[in-house]
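Protein chains in written order, with the UniProt record's numbering: chain A, 1 to 651; chain B, 1 to 101.
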Amino acid sequence: MAFLKEFLILVIVFAIIKPFDCERLHEQIYSSIEGGAACFKRLNGTHQAGCSSSDKGAVGVVQMIYDVTDAQWLVYNATVGPCIAVINTALFHDVIELLMAKPANVAGIIVYHNATTRPTTFSQESKCPNEYSSGPGSQCLSSPTSSNVWNEGGTGLIRRDIPYPIFYIPQTRLEEIEKIENCYKRYNLDRFNQEGKPLCSLQLNSFMFAAVNSAVCLRRSATSALLTPTKVCDPLGDQNVHYSLFPLEKGEEVKKKPITLVTARIDTASLFDGMAPGAASSVVGMASLIMSAVTLSKMIPVANSSLYDNNVLWTLFNGEAFDYIGSQRVAYDLSRGAWPPFSPLTPSDINLHVELGQIGGSLQIYKENASWPLYAYAASSFSQITEFLVVMSENANAFNITLTPEFTTNLPPSSLHSFRRILKNETESGDLPEVLLIDHQGKFTNTYYESVLDDDTNIGFIYHNISVGPEGKFTPTDELLANGIMKETDIQVKMSRLATALARTLYQRVTGKAYTGDIAASAHLADEMLYCLLRSQACRLLMAADYASGSEETPSARPPPLYVGVAAWPSTPAVFAGHLLALLAGAHLPLDRTACDARLEPGFSHYWLRGWNHSGVCVQTTMNFTQAMSPAFIIPALGIDFDTAFRPKKS
Amino acid sequence: MDLNRLPNDKKLQLCKWYFKVGCMFLPFVWAVNAVWFFKEAFVKPPYEEQNQIKKYVIMSAGGAAVWVCVLAAWVTVFQTHRVSWAATGDSLSFIVPLGRA
C-alpha cells in the first residue's frame, strides 16, 4: 500500500511538471552546435593525415582557452578527464603545438573565428607546400630550424596525423560559441572544485571510415564484403580546364602553331570540410587568367586564326594543393603525347609557359596604393623568357604594376615544379621555358595560405554590385574610374589592369606587333567574378554560365569551397571556371538546344548555357575539360605509393 | 521433443544421427548432442543402448571441445595478427574495419 502511495505521488508530480515544460529530457540536457566544419582525414601512399573522432564521438569537458596558460593548465593540471579546448583563431597557432605534443588530456578542439581579433598568421599548410613534389633546384626544407621557407607561419597541421577531432566555427556562427562560453562560465569556471560536480561538456562527432594509407583504403573500398559493401574513401581528383585562342589543329601532318601556355590554379585547401575560400592563393590568379583570356579573345577574333602562326592555350589546374595533381597529370600526359586528348601536343610545341601564381597576398598590403609590385620567377634566362618579360613589364608599368625578374632554380610552389620534374630535359634545355608571376619575393605575402581565413577580407574585397548590361555587357574600367564608382586602389581595378597587360603581351606574341586598340579587361567583371567565388554562388555570372536545365534552381548563397573534389564527379569551381570561359570568350550561336547539342565543328565544343537573360544560349568554344587525377592511377608500375591523396568518406 | 517419451532404440538412432550430422563440420550440433543426451548416457539407470549412447555423447563432447580450442586459437591469432597480415588480413575479414588499421 505504501508503494502504491509513492507511485501516486510520483504520477502527480510528473503530471504537474508536464504542462509547464513540454521539452523532452534529452533536449533539456543537450543542445546541438550548428554550422561547424570538421577537420577530416586524408591519406597518401604511406601515411594518414587529418582528424577523426571515434565512431561514438569524442566527449570532453569544455575548457575555454583565453591565453597560453589556460592551455598549459589543460594539458598538465586538469584532472576531470579529457577536455575539449575552445580556442580563438588568434590564439590557435600559439597553443596548437602544445596540444599536439601532449594529447593525453585533449579530447578535441573547437576553433572559432572572431573578426575583431584576426590573427597575423593562420596557415595549416606546411612551411614548404608540396615539398616532396618539387622540381630540381628547390631549396625549401620544412624542418623546424630552416629559415629559407615560403610559408613561414605554416604549422603543417594539414599534413599531420591529429589524434583528436577539430571543428571550426565561422564568424557567422559566433552565437554558438557564446552558448558554449555561457555554459562554461556557469558550470566549469571553478577549476579547483570540478571533481564530482556536473560540468559542461561537448561531444564532437566526425568519425572517418578510412585509415592507415591509400593502399589499405583502396583495397578496402574494392573489397566486396558481404555485409558492408562500403566505399571507405575516394581518390582526390577533378577536372582541369583548358581553352585555346584558336582551335588546336589535329593530326600528325598538320604543322602545329607554337603555343604559349598560360596557367593558373583553381583549387586551394583547408583543414576544414567545405571551407576553402583560397582568395589570395587561387581566386585572384584564376580570375585574372579568365579575364585576360576573355580580353585576348576580343582583341583577336577566332575567325582570324589563319592570319597568325601562334596560339595561346589557357589552362586552369585543379588539385594543385595536393602534390600538384592537375599539373602533374598534364605534364605527364604531355610527355606521352596525350594532352589535350583530341589534339595532343608535345612539349616542344609549347614555346613559353607562363603561370599566374599566388598574386593575391600583397593586395591588402598595397590597399592604399595604386601600385602592385609583382615578381617574375624563372629558372634560367632563356631568350623567350626575357623577351616576354620585357614586353610584359612595359605593358604592366603603364598600369602601375611593376614586374621584377628573379632568376633562380629555387622556385616558389607552383605548377612549374611538375613540369620541371616530369619534363626535366625539355625545361632545362630551354625547349619549354617557364616563367612564374607572383606577388612575393622570398616568403609568401599571404599569411593565411590555404586556410579558412584566406577569404575576401584577406584581399580587401569590397563588392560594388553594379548591374550587368544586356548580353553580358560589363562597364569598362576607365568608365568606372571616371564615374568615381571605383578607385585606382581597388583590387578589381588592379586585377583588370594585370589581365589587360597580360592580354596585350600575348597579343604581341601572337601577332608580332604591339596592341594599339582600346579593348581592356573590365574591373566590373572582376567585381562580379570575385563576388561569385568569394561571397555567393547565387550570383549573376554563375547563374548565366550554368547549364540551362529545366529547373531554375538557385545555388546556395555561400562561396563554393575550392577544395579539390573527388575524382568521381567534377567540382563546382572547375565547372564554373570552364563555363565562364565559354560564356565570356566563346561565340554565341543563334541555335536552339537540339541544334546546339547536335552541332559538330572540328576543334570546338558546344554548350547550352543559361545565358544572361536565362533563356538559354548556344555557346561555341574551344574550352574543354580534362581529367585532373594523379598519373599514379594510370601507371601501374608506379604503384599507388607514388603520391596519391585520398579523401575519406565521413560517416 | 521429449526424450523420455522415446523408446530406447529411437534414442540411440537420434544420438547417432546427431553425431553424424556434427561430422559435417557442425560442432554446434555435437555440443547440442552432448548436452541433450548427457542424462541418458550418464544419469539414467543402465539399459541396453546406453553404452552406445555414452560413446556418441563422449565423442560429440570431445569433438566440440576440440573445435572450441581450434576456433579460440584461430580467433586469438586472427585478432592479434590481422593488422600485420595487411592485405591477407583484410581479405579474411568478414566485416571491413572502419577508421582503424
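From the three backbone atoms N, C-alpha and C, an ideal C-beta is built for every residue, glycine too.
Notebook entry, point to check: Where do the N-terminal and C-terminal ends of the alpha helix (DSSP H) with serine 418(A) fall, by residue?
Noted result: By 1-based counting over the first sequence, the position of residue 418(A) is 418. 416-422 is the extent of the alpha helix (DSSP H) around serine 418(A).
Next item on the list: Confirm, please, whether the CB-CB distance from valine 294(A) to alanine 585(A) is below 8 Å.
Entry: Position 585 of the first sequence, counting from 1, holds the residue named residue 585(A). Position 294 of the first sequence, counting from 1, holds the residue named residue 294(A). Yes, the pair counts as a contact, with Cβ atoms nearer than the cut-off.
Notebook entry, point to check: For the putative contact between tyrosine 448(A) and serine 142(A), defined by C-beta atoms under 8 Å, what is the C-beta separation to the nearest angstrom?
Noted result: Within the first sequence, the letter at position 448 stands for residue 448(A). Within the first sequence, the letter at position 142 stands for residue 142(A). That belief does not hold up - the Cβ atoms of tyrosine 448(A) and serine 142(A) are roughly 18 Å apart, past 8 Å.
Note to self: Can you tell me where the beta strand (DSSP E) holding leucine 204(A) begins and where it ends?
What the structure shows: As a working mapping, residue 204(A) is identified with position 204 in the first sequence. First-last of the beta strand (DSSP E) with leucine 204(A): 201-204.
Next item on the list: For chain B, find out if any of its Cβ atoms is closer than 8 Å to the Cβ of aspartate 161(A); answer yes or no.
Entry: One-based indexing of the first sequence puts residue 161(A) at position 161. With 8 Å as the cut-off, aspartate 161(A) does not count as an interface residue toward chain B.
Note to self: Assuming contact is defined by CB atoms lying nearer than 8 Å, are threonine 268(A) and glutamate 450(A) in contact in what I supplied?
What the structure shows: Counting from 1 along the first sequence, the entry for residue 268(A) is found at position 268. Counting from 1 along the first sequence, the entry for residue 450(A) is found at position 450. It is a contact, given that the beta carbons lie within the stated cut-off.
Notebook entry, point to check: Out of Leu609(A), Val212(A), Val75(A), which has the shortest C-alpha to C-alpha gap to proline 590(A)?
Noted result: Within the first sequence, numbered from 1, the residue matching residue 590(A) stands at position 590. Closest option to proline 590(A), Cα to Cα, is Leu609(A).
Check: Would you report the Cα separation of leucine 91(A) and proline 119(A), rounded to the nearest angstrom?
Finding: Here residue 91(A) refers to the residue found at position 91 of the first sequence. Here residue 119(A) refers to the residue found at position 119 of the first sequence. Rounded to whole angstroms, leucine 91(A) to proline 119(A) spans 8 Å at the Cα level.
Notebook entry, point to check: Near asparagine 105(A), which residues of its chain fall below 7 Å by C-beta distance, leaving aside the five closest residues on each side in sequence?
Noted result: As a working mapping, residue 105(A) is identified with position 105 in the first sequence. Closer than 7 Å at Cβ, skipping near neighbours: Leu74, Val75, Ala78, Pro82, Cys83.
Check: At least one CB of chain B closer than 8 Å to the CB of valine 232(A): is that the case?
Finding: Counting from 1 along the first sequence, the entry for residue 232(A) is found at position 232. Answer yes: the Cβ-Cβ gap between valine 232(A) and chain B drops below 8 Å somewhere.
Margin query: Between alanine 87(B) and chain A, is the shortest Cβ-Cβ distance under 8 Å, so that the two count as touching?
Written below: Translated into the one-based positions of the second sequence, residue 87(B) becomes position 87. So, interface residue.
Note to self: As an exercise, report each continuous beta strand (DSSP E) stretch of at least 3 residues that is fully enclosed by the region 14-46 of chain B, in chain order.
What the structure shows: none
Next item on the list: Please work out which residues of its chain come closer than 6 Å, Cβ to Cβ, to glutamate 426(A), disregarding the five sequence neighbours upstream and downstream, and give them in chain order.
Entry: The residue labelled residue 426(A) in the question sits at position 426 within the first sequence. Result list for glutamate 426(A): Pro347, Leu432, in chain order.
Notebook entry, point to check: How close, in whole Å, do the beta carbons of asparagine 318(A) and asparagine 240(A) come, if the pair is a contact with beta carbons under 8 Å?
Noted result: Walking along the first sequence from the start, residue 318(A) turns up at place 318. Walking along the first sequence from the start, residue 240(A) turns up at place 240. About 6 Å; that satisfies the 8 Å criterion.
Next item on the list: Report, in whole angstroms, the separation of the C-beta atoms of leucine 202(A) and glycine 50(A), which I expect to be a contact under 8 Å.
Entry: One-based indexing of the first sequence puts residue 202(A) at position 202. One-based indexing of the first sequence puts residue 50(A) at position 50. No, leucine 202(A) and glycine 50(A) are not in contact; Cβ-Cβ is about 20 Å, not under 8 Å.
Next item on the list: Rounded to whole angstroms, what's the CA-CA distance from cysteine 39(A) to histidine 524(A)? Just pull it up for me.
Entry: Here the question's residue 39(A) lines up with position 39 in the first sequence. Here the question's residue 524(A) lines up with position 524 in the first sequence. Straight-line Cα distance between these residues: approximately 36 Å.
Next item on the list: Give the interface partners of residue 102(B) over in chain A, defined as CB-CB distance under 8 Å, in chain order.
Entry: Here chain B comprises residues numbered 1 to 101, so residue 102(B) is not present and cannot be evaluated.
Check: Which residues does DSSP pair with tryptophan 314(A) in a beta bridge?
Finding: For the purposes of this step, residue 314(A) is identified with residue 314 of the first sequence, where counting begins at 1. DSSP, once it has assigned bridges, lists Tyr243(A), Val262(A) as partnering tryptophan 314(A).
Check: Going by beta carbon distance, what residues of the same chain come within less than 6 Å of alanine 567(A), once the five residues before and after it are set aside?
Finding: Here residue 567(A) is taken as the residue at index 567 of the first sequence, counted from 1. Pro235, Gly237, Met629, listed in sequence order.
Note to self: For a minimum of 4 consecutive residues, which ranges assigned as the alpha helix (DSSP H) are wholly contained in the region 462-507 of chain A?
What the structure shows: 477-483
Margin query: Going by C-alpha to C-alpha distance, which of Glu528(A), Cys532(A), Tyr507(A), Met529(A) sits closest to alanine 520(A)?
Written below: Numbered from its first residue, the first sequence carries residue 520(A) at position 520. Alanine 520(A) has its Cα closest to that of Tyr507(A), out of Glu528(A), Cys532(A), Tyr507(A), Met529(A).
Notebook entry, point to check: Taking C-beta to C-beta, are leucine 248(A) and alanine 264(A) nearer than 8 Å?
Noted result: Counted from its first residue, the first sequence places residue 248(A) at position 248. Counted from its first residue, the first sequence places residue 264(A) at position 264. It is not a contact, given that the beta carbons lie outside the stated cut-off.
Check: Does the region 402-416 of chain A come within contact of the region 366-383 of chain A, defined as at least 3 CB pairs closer than 8 Å?
Finding: yes
Notebook entry, point to check: So, helix, strand or coil for aspartate 238(A), using DSSP?
Noted result: As a working mapping, residue 238(A) is identified with position 238 in the first sequence. Residue state, collapsed to three classes: strand.
Notebook entry, point to check: Can you tell me where the alpha helix (DSSP H) with isoleucine 53(B) in it begins and where it stops?
Noted result: Your numbering for residue 53(B) matches position 53 in the second sequence. First-last of the alpha helix (DSSP H) with isoleucine 53(B): 50-81.
Check: What's the C-alpha gap between methionine 495(A) and alanine 370(A)?
Finding: Numbered from 1 along the first sequence, position 495 holds the residue referred to as residue 495(A). Numbered from 1 along the first sequence, position 370 holds the residue referred to as residue 370(A). C-alpha separation (whole angstroms): 11 Å.
Checklist line | beta strand (DSSP E) segment containing valine 111(A), residue limits | finding: The count along the first sequence starts at 1 and reaches residue 111(A) at position 111. Taken as a continuous stretch (DSSP letters only), the beta strand (DSSP E) holding valine 111(A) covers 106-112.
Checklist line | Backbone CA spacing between methionine 208(A) and alanine 398(A) [nearest angstrom] | finding: Here residue 208(A) corresponds to residue number 208 of the first sequence, with the count starting at 1. Here residue 398(A) corresponds to residue number 398 of the first sequence, with the count starting at 1. Going by the C-alpha atoms only, they are around 53 Å apart.
Check: By a C-beta neighbour count over all protein chains shown, 10 Å radius and 16 as the cutoff for buried, is leucine 580(A) buried or exposed?
Finding: Counted from its first residue, the first sequence places residue 580(A) at position 580. Classification for leucine 580(A): buried.
Notebook entry, point to check: When DSSP builds the beta bridges, which residues end up paired with tyrosine 184(A)?
Noted result: As a first step, residue 184(A) must be located in the first sequence, where it is residue number 184. Bridge partners of tyrosine 184(A): none, in fact.
Next item on the list: Specify, as a first and last residue, the run of the beta strand (DSSP E) that leucine 25(A) falls within.
Entry: Working through the first sequence from its first residue, we reach residue 25(A) at position 25. Per DSSP, leucine 25(A) belongs to no beta strand (DSSP E); it is in the alpha helix (DSSP H), 25-29.
Next item on the list: Let me know the secondary structure DSSP gives valine 564(A) once reduced to three states.
Entry: Looking up residue 564(A) in the first sequence gives position 564. In the structure shown, valine 564(A) sits in coil (DSSP, three-state: anything other than H, G, I, E or B).
Next item on the list: Taking C-beta pairs closer than 8 Å, name the residues in chain B that phenylalanine 209(A) reaches, listed in chain order.
Entry: Here residue 209(A) refers to the residue found at position 209 of the first sequence. Correct list: Leu98, Gly99.
Check: From glycine 196(A) to valine 80(A), what distance separates their C-alpha atoms?
Finding: In the first sequence, the residue the question calls residue 196(A) occupies position 196. In the first sequence, the residue the question calls residue 80(A) occupies position 80. One C-alpha to the other measures close to 9 Å.
Notebook entry, point to check: Would isoleucine 96(A) pass as a contact of leucine 157(A) if the rule is Cβ separation under 8 Å?
Noted result: Taking the first residue of the first sequence as position 1, residue 96(A) is located at position 96. Taking the first residue of the first sequence as position 1, residue 157(A) is located at position 157. It is a contact, given that the beta carbons lie within the stated cut-off.
Note to self: List, in chain order, every chain B residue whose beta-carbon is nearer than 7 Å to that of serine 52(A).
What the structure shows: Indexing the first sequence from 1 puts residue 52(A) at position 52. Result: Gly99.
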